[in-house]
Amino acid sequence: MDAEKKPRVSNAGAWGMNVVSSVGIIMANKQLMSPSGYEFSFATTLTGFHFSVTALVGWVSNAAGLSVPKKVPLWELIWFSVVANLSITAMNFSLMLNSVGFYQISKLSIIPVVCMMEWILNNKRYSSKVITSVVVVAAGVGICTVTDVEINAKGFLCACVAVFCTSLQQITIGSFQKKYSIGSFELLSKTAPIQAASLLVLGPFIDYCLTEKSIFTYRFSTGASLFIILSCSLAVFCNMSQYLCIGRFSATTFQVLGHMKTVCVLILGWVLFDSVLTIKNMLGMLLAVVGMVVYSRAVESDKLAKNAAINRSYEDDVKLLKVRTSSVSEFDVEVGQRKN
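Written out as structure tokens, the structure is:
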């Protein structure tokens, strides 16, 4: 039975899992990759490790009968994995080639791109309240994260590829789940092995282009190995919750409410790593949180209005059917009387 029919994890639980695991993995990776930490700067290969562990968990789950594998055409899985890996690689190159400010702006632009793609591909409409709340969230996150902005041709191209592929990947997750009636974890267990294999093969080369360092010369200390294991463990929950949230809601909702992670990272960075938290940061975070609350209420309001319209349409159809049935019955009686 699909997880979506009888959810084992509540909606709030799925969002909580995503926020906690995403923030946790950022904190773990910061310690793992920073110069003051273990200087493991091989982000693409690390992502390959993440999907390898996720694929292993999926295989164990299928073997133990905890999840039921379903058929999805191999070419669609490969296509999706190519798009997802391009998203990861382009994001890494965008971070390397662009200033932090422009990188943050490119990440914020994923929200309007997702909205536009859902409108084009799925004919999805947005109310003025939803659009306004999205703008408020983007403005709040922009205020608290964007600082210096520098643009160059290569960095701009990488950012465009990253934004497009990330948006398409997240929309496709929801589309595949509906198209093939497949659960979130079942779909993840099918895509993870392909992504893991390709990232483990190409990852070391991509990381060398980014950092001019080879993973094969890196000395794995006990501390670095433990943080890699921690990062991979958190990645399993992060990937699972991402598929859960997008499957139950939408890519737009995942992007908007997902910026709660940005707020949490800023706060934890201030608490754990002595990062500077200015009045500007706090005002931006407050604005972002207000935007998220307004977005949630706007989406719920639209959902109630849609359900009410469906109910009214159903009631009208029932009334029309009763009228037609009554008319047919009267006609039959009249015919019967004439025959007598």
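Numbering (full-length UniProt numbering), first residue to last: 1 to 340.
Don't be surprised by glycine CBs; every beta carbon is placed ideally from N, CA and C.
Bear in mind the structure is a predicted one, so any value in this text is a computation, not a measurement.
Contact check, residue i vs residue j, beta carbons under 9 angstroms
i: F42; j: K213; result: yes
i: L32; j: I228; result: yes
i: S241; j: N18; result: yes
i: I110; j: Q255; result: yes
i: I131; j: G247; result: no
i: S133; j: Y295; result: yes
i: A196; j: F51; result: yes
i: E118; j: A298; result: no
i: L168; j: Q177; result: no
i: L56; j: N29; result: no
i: G140; j: G284; result: yes
i: M260; j: M292; result: yes
i: V289; j: V263; result: yes
i: K280; j: I143; result: yes
Among the options, nearest to residue i - alpha-carbon criterion
i: residue 377; options: S10, V135, L86; result: The requested residue 377 is not part of the displayed model; the chain covers only 1 to 340.
i: residue 346; options: E39, V20, W15; result: Absent from the model: residue 346. The displayed extent of the chain is 1 to 340, so no value can be given.
i: N222; options: G37, G140, C160, V161; result: One detail in the question is off: residue 222 reads as Thr in this sequence, not Asn. Of G37, G140, C160, V161, the residue nearest in Cα terms is G37.
i: G58; options: I171, I194, E76, V83; result: I194
i: K70; options: I182, Y208, A14; result: I182
i: S184; options: E300, V141, C245, P73; result: C245
i: A84; options: N239, P204, S301; result: N239
i: S94; options: E76, L210, T191, T253; result: L210
i: C160; options: V135, P112, K179; result: P112
i: T191; options: P35, Y243, G16, F249; result: Y243
i: S301; options: V23, C158, W75, Y126; result: Y126
i: N122; options: V135, K179, L304, M27; result: K179
i: A63; options: P35, L304, F156, S189; result: S189
Extent of the continuous alpha helix (DSSP H) run through residue i
i: A64; result: Looking at the DSSP string, A64 is not in any alpha helix (DSSP H), and its letter there is neither H nor E.
i: G155; result: 153-179
i: F205; result: 184-211
i: S10; result: Note, S10: premise wrong, no alpha helix (DSSP H); not H, not E.
i: Y243; result: 222-248
i: N92; result: 74-97
i: N122; result: 110-122
Integer-rounded CB distance, given that residue j should sit under 8 angstroms from residue i
i: S231; j: I25; result: 6 angstroms
i: S21; j: L234; result: 5 angstroms
i: I171; j: V114; result: 7 angstroms
i: L97; j: A138; result: No, L97 and A138 are not in contact; Cβ-Cβ is about 23 angstroms, not under 8 angstroms.
i: L199; j: T44; result: 6 angstroms
i: A162; j: A90; result: 4 angstroms
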